[in-house]
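Inspection log for the structure reproduced underneath, given as C-alpha cells.
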Amino acid sequence: MNEVPSIYWFRSDLRLTDLPGLSAASAAGPVLACYVFDELSDDAWTPGSASRWWLHRSLSALRSELQKRGGKLILAQGRPEAVLTQLACDIGADTVFCSREYEPCSDDTERRVAESLAENGLRLKRYGGTLLWEPEQVRTRSDTPFKVFTPFWKCCLTLPEPNLAAGGTLRFWQGQSASGVSLENLGLDCTDDESVRWADYWSPGEAGAKESLRVFEESALDGYNEGRDFPERAATSLLSPHLRFGEISPHRVFHFIREASRRRPDLQSEADNYLRELGWREFSRHLLYHHPSLPEQPFRSEFARFPWCGVKESLIAWQEGKTGYPIVDAGMRELRQTGYMHNRVRMITASFLCKHLLIDWRAGQRWFWNYLMDADLAANAFNWQWVAGSGTDASPYFRIFSPMAQGVKFDKAGAYVKEWVPELSALPPRYVHSPWEAPASVLDDAGICLGDNYPFPLVDHVTARKTALAAYDEVRAA
DNA sequence: TTTTGAGTTGTTCGA
DNA sequence: GTCGAACAACTCAAA
C-alpha cells in the first residue's frame, strides 16, 4: 500500500520522544524529517556563537538517532515556507507537521508557511510539546494574562497535569528526495578560541538530556533547596540548554520529578522547588508571547527614560571578567569558557552591569545571548528586565546586590572564584571577595599585584550604589 | 466596586 | 555576632 508521506519540520524540538507533532505525523503516514536554518530571517535574534555550537551538535545527534531508526534528516538553508513547500511537493506529501512556537516572529513564520503550503493544496498542522500549558490556557479570573509569577504558577497547578505524548512507532519515508545541504555547510559550528573546551562540559542531544535529568534526580535533587544557591557545587540540573533546544520535553521533566517525589515523599519540597523553575521558564515564555517587545523595550515604560550612562570601557571590562570584583569576574569568565553561568552568579553579574556600571540591560542581554548555551529569548529578556528593575514585578528598586556580601554568603571559601579567576587562587578566603582590602604583605604572598595581574575595582561599591539609587529616583519621580 | 493581601532571589544600620 | 527594622510605596489578583 502506498501511503501519502508527510514532512516533520523540526524547530526547537530536537528530539524523537514526547513529541506530539511527530507522533501525529507518524500515525498519518511515513515521515520525512527536515530542519531549516534561516540565517537571513529579519529576526534580530538569530542564534549566538554558543547556541550555534550547540545546535550543530544537536542536529548531528538527531540525524544519527533518525538514521538508527531508518529515517533521515534533510537539512536546509533559507526561508522555511520556500524550503518546506518545495520539499513537500517533491515527495508528494500532503501535510507538514510541526510544534508550535511562541516567539515574536513565530506566528508570522507559521502563517507564511501555512499560506505557501495552502497555495499548493497542502497544509500545516501545529502541535504543542514545547510548553507545559498553552498561553491561552493560563488566564486570571478577569481573563487577562498573569503578570506576577506566584498566582500564575498557582493557576497552572490547578490545570490538568500536562500529559506525555503518546508513544507509538515512528515510521519514516524511504523514497528519494533532494538531499539538502550538509551539516557542515550550515555554517553553525563555532571556531572561537573558547569553543575548544565546550565539549568538555556538554553533551548536546536527546541522550545527553536524559542523562542530565537522571544524574540530577539521582545525586542532586536531595539537597537542591539549599545547594542550588552555591555556584561551586554541582547542585543544579544543567538541563537548560537541553530544554532550550527541545532535546527533552518539559513534560518529561515534570513527570520524572513528580514521580521521584512520589517515591521519596521526603523530597516533596525539593521537587516542588525544582518544578517551580520549570514554572519560570513557562512564565517567561507566556509573557513574551503576550508582550513581544520584551527583548527590546522596558516592560515598565517609565524606564525608557532611565539615564544609562555607563561607558564602553566598563562594558568591555565586564565582558572580559576584569572588573576587579572577584565574583563578577568569575561568573563572566565561566560564561566565556563554558557557555554557562550559575543562576546565582547571573543575578550578581547582571545587577553589577545595570546598577554599578549603569549600562543598559540590553547590552548585557546581547552578550548573554551570544555566549549562553541556553540562550533563550524569553528567559533572557525576562530576567534581564527583572534585574534592571524594568520588569513585571514590583521588586524594590533599592535592592542592589553587593558583590562582596553575595560572595561571602554563597562562596565563603572562595572556591568558585578561584576556579575561574586563578590569579586569586593563593588569596586567603577572608580577602578573596575584596582583594583591595588585603594588606600588602598578604597580596605579596599570594603573588598579586593590583593594577597589574588583577585589576583594582572598576568602581567603588558604596559610591556606585548611591549613584544607582539616585538614578532610580529620577525614573520614579518622572 | 472597593478592599485586602501579597509580591523569587537584598543591603545596611544600629541596638 | 545576631537580629530586626528601614529602605518607599506600587501593582496585581482575588475576594
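The numbering used here puts the first residue of the first sequence at 20, with every later residue one more than the last.
All C-beta atoms in this analysis are idealised placements derived from N, C-alpha and C, irrespective of residue type, glycine included.
Bear in mind the structure is a predicted one, so any value in this text is a computation, not a measurement.
Task: First and last residue of the uninterrupted beta strand (DSSP E) at A95 - done: For the purposes of this step, residue 95 is taken as residue 76 along the first sequence, with counting starting at 1. Run containing A95: L92 to Q96, per the beta strand (DSSP E) assignment.
Open item on the list: Could you check whether the Cβ of L51 sits closer than 7 Å to any heavy atom belonging to the ligand SAM?
Closed with: Of the ligands one can find in the structure shown there are none, so the ligand SAM has no counterpart to examine.
Task: Residues sharing a beta bridge with Y54, DSSP - done: Here residue 54 refers to the residue found at position 35 of the first sequence. According to DSSP, Y54 bridges with F29 and L94.
- [ ] Could you say which of L141, Y473 and Q195 lies nearest to E339 if we only look at CA atoms?
- [x] On the first sequence, residue 339 is found 320 positions in, with the first residue counted as 1. The candidate whose alpha carbon is nearest that of E339 is Y473.
- [ ] Would you decide whether C468 is buried or exposed? Buried here means 16 or more other CB atoms lie within 10 Å of its CB.
- [x] The residue labelled residue 468 in the question sits at position 449 within the first sequence. That one is exposed.
- [ ] Return helix, strand or coil for F302, following the three-state DSSP convention.
- [x] Numbered from 1 along the first sequence, position 283 holds the residue referred to as residue 302. Residue state, collapsed to three classes: helix.
Task: Beta-bridge pairing of C117 - partner residues as DSSP gives them - done: Counted from its first residue, the first sequence places residue 117 at position 98. W28 and R145.
Open item on the list: Quick check: L106 and L92, are their CB atoms within less than 8 Å of each other?
Closed with: Here residue 106 corresponds to residue number 87 of the first sequence, with the count starting at 1. Here residue 92 corresponds to residue number 73 of the first sequence, with the count starting at 1. Cβ distance not < 8 Å, so L106 and L92 don't count as in contact.
Task: Buried/exposed call for C108, threshold 16 Cβ in 10 Å - done: By 1-based counting over the first sequence, the position of residue 108 is 89. Exposed, because fewer than 16 other Cβ atoms sit within 10 Å of the Cβ of C108.
Task: Alpha-carbon to alpha-carbon, L297 and T36 - done: In the first sequence, residue 36 corresponds to position 17, counting from 1. In the first sequence, residue 297 corresponds to position 278, counting from 1. Going from the Cα of T36 to the Cα of L297 covers about 19 Å.
TODO: Work out the CA separation of T159 and F171 for me, nearest whole Å.
DONE: Start at 1 with the first residue of the first sequence, and residue 171 comes out as number 152. Start at 1 with the first residue of the first sequence, and residue 159 comes out as number 140. Whole-angstrom Cα-Cα distance: 8 Å.
Open item on the list: Could you compute how far the alpha carbon of S9 sits from the alpha carbon of D113?
Closed with: Outside the shown range of the chain (20 to 497) lies residue 9, about which nothing can therefore be said.
TODO: Rounded to whole angstroms, what's the CA-CA distance from S238 to G246? Just pull it up for me.
DONE: Position 219 of the first sequence, counting from 1, holds the residue named residue 238. Position 227 of the first sequence, counting from 1, holds the residue named residue 246. Their backbone Cα atoms lie some 11 Å apart in a straight line.
Open item on the list: Assuming the contact rule is C-beta atoms closer than 8 Å, G90 and A52 should be a hit. Round their C-beta distance to whole Å, please.
Closed with: To locate residue 90, count along the first sequence from 1; it is residue 71. To locate residue 52, count along the first sequence from 1; it is residue 33. Contact holds; Cβ gap of about 6 Å.
TODO: Starting from the Cα of L205, find the closest Cα among F116, A95 and L294 and give me that residue.
DONE: Indexing the first sequence from 1 puts residue 205 at position 186. L205 has its Cα closest to that of A95, out of F116, A95 and L294.
Task: Entirely enclosed alpha helix (DSSP H) segments - the stretch 123 to 206, minimum 4 residues - done: 125 to 138 and 168 to 177
Task: the stretch 352 to 363 contacting the stretch 249 to 263, beta-carbon criterion three pairs below 8 Å - done: The stretch 352 to 363 is in contact with the stretch 249 to 263.
- [ ] Could you pull out every unbroken alpha helix (DSSP H) segment of at least 4 residues lying fully inside the stretch 388 to 433, listed in chain order?
- [x] 396 to 407 and 422 to 429
Open item on the list: Closer than 8 Å is the cut-off here; do at least three beta carbon pairs connect the stretch 316 to 329 with the stretch 399 to 411?
Closed with: Counting Cβ pairs under 8 Å, three or more are found: they touch.
Task: Limits of the unbroken alpha helix (DSSP H) element including D464 - done: One-based indexing of the first sequence puts residue 464 at position 445. Residues A459 to D464.
Task: E41 (DSSP reduced to helix, strand or coil) - done: One-based indexing of the first sequence puts residue 41 at position 22. It should be noted that the sequence gives Leu, not Glu, for residue 41. The answer is helix: DSSP assigns L41 an H, G or I state.
Open item on the list: For the alpha helix (DSSP H) containing S79, name the first residue and the last one.
Closed with: If you number the first sequence from 1, residue 79 lands on position 60. It spans S68 to K87 - the alpha helix (DSSP H) in which S79 sits, taken as one unbroken run.
Open item on the list: Between V494, R277 and T65, which has its C-alpha nearest N292's C-alpha?
Closed with: Residue 292 sits at position 273 when you count from the first residue of the first sequence. The residue among V494, R277 and T65 with its C-alpha nearest the C-alpha of N292 is R277.
- [ ] Measure the Cβ-Cβ separation of W388 and W64 and say whether it is below 8 Å.
- [x] Numbered from its first residue, the first sequence carries residue 388 at position 369. Numbered from its first residue, the first sequence carries residue 64 at position 45. The answer is yes: Cβ separation under 8 Å.
TODO: Give the DSSP-derived three-state secondary structure of Y308 in the structure shown.
DONE: In the first sequence, the residue the question calls residue 308 occupies position 289. Three-state DSSP puts Y308 in a helix.
- [ ] State the Cα-Cα distance for the pair P447 and A369, rounded to the nearest angstrom.
- [x] Within the first sequence, residue 447 is the residue found at index 428, counting from 1. Within the first sequence, residue 369 is the residue found at index 350, counting from 1. Pairing P447 with A369, the inter-Cα distance amounts to about 26 Å.
TODO: Just confirm the distance between the C-beta atoms of G40 and S118, as a whole number of angstroms; I'd bet it's less than 8 Å.
DONE: For the purposes of this step, residue 40 is identified with residue 21 of the first sequence, where counting begins at 1. For the purposes of this step, residue 118 is identified with residue 99 of the first sequence, where counting begins at 1. Rounded, the Cβ-Cβ distance is 5 Å, consistent with contact.
Task: Reference E153; option with closest CA among G408, D211 and C174 - done: Your numbering for residue 153 matches position 134 in the first sequence. When each option's Cα is compared against that of E153, the closest is C174.
- [ ] Tell me where the alpha helix (DSSP H) around M366 begins and ends.
- [x] By one-based count along the first sequence, residue 366 stands at place 347. Segment N362 to S370, the alpha helix (DSSP H) holding M366.
Task: Nearest residue (CA-CA) to F165, options E230, I267, E301 and A228 - done: Numbered from 1 along the first sequence, position 146 holds the residue referred to as residue 165. The shortest Cα separation from F165 among E230, I267, E301 and A228 belongs to E301.
Open item on the list: Starting from T482, trace the alpha helix (DSSP H) in both directions and tell me its first and last residue.
Closed with: Locating residue 482 in the first sequence gives position 463, where the first residue counts as 1. Run containing T482: H480 to A496, per the alpha helix (DSSP H) assignment.
Open item on the list: Buried or exposed, going by whether 16 or more other CB atoms sit within 10 Å of the CB of G470?
Closed with: Numbered from its first residue, the first sequence carries residue 470 at position 451. Classification of G470: exposed, given that the 10 Å Cβ count is below 16.
Open item on the list: Using only CA atoms, which one of I335, V440 and G224 lies nearest to E84?
Closed with: The sequence position of residue 84 within the first sequence is 65, counting from 1. When only C-alpha atoms are compared, the closest one is G224.
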